[in-house]
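Novice: Converting from the sequence shown to the working numbering requires adding 364 to each position, the first position being numbered 1. Yeah, the Cβ is synthetic: ideal placement off N, Cα and C, and Gly gets one too. Computed from a predicted model, the values in this text were never measured in an experiment. Pasting a structure below so you can have a look.
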Amino acid sequence: MSASTDQAAILFLRITCSVNGIFYASMYALDSFALASGAPKLALANSLIDAFIMRMGLALLLSAPLGYGFIGIYTAQAAAPVLPAIIGFAYLRLWARRNSPAHQ
């Protein structure tokens, strides 16, 4: 591998493996909770939001139209699980509120 290829790989890992890991792990844990609590459509929608809307949409937007190139694609990879993790956390709070002893 050439030095520029190595630098591109290092840049990719630095951008996509930063805080992204926390959101990515949270998203999958919360999707598993949604499946187990009887909301498979939410888990499916959340996965599609991550894969297509966020990952592909942001990559297309940031790479060419906004002119960030590979940095835009890397940033889209890093940002993709943020919205699905927030949606999963909101569902968890809603589920907890609905199923709390005080609510029943």
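What is the rounded straight-line gap between the Cα of R461 and the Cα of V446?
Specialist: 23 Å
Novice: Using 10 angstroms around the beta-carbon of N463, count the other beta-carbons present and answer buried if the total reaches 16, otherwise exposed.
Specialist: Exposed: under 16 other Cβ atoms inside 10 Å.
Novice: What residues in its chain sit with their C-beta under 6 Å from that of P448, if we drop five residues either side in the sequence?
Specialist: M391, N410, I413, D414
Novice: Note down the Cα distance separating F376 from L408, rounded to an integer number of angstroms.
Specialist: 27 Å
Novice: State the CB to CB distance for the pair A372 and F434, rounded to an integer number of angstroms; the pair is presumed to be in contact (CB under 8 Å).
Specialist: 7 Å
Novice: Look at the Cβ atom of T369, then the Cβ atom of Y438, and state whether they are nearer than 8 Å.
Specialist: no
Novice: I believe S382 touches A444 by the beta-carbon criterion, under 8 Å. Please report the beta-carbon distance rounded to the nearest angstrom.
Specialist: At roughly 13 Å, the Cβ-Cβ gap does not stay under 8 Å, so S382 and A444 are not in contact.
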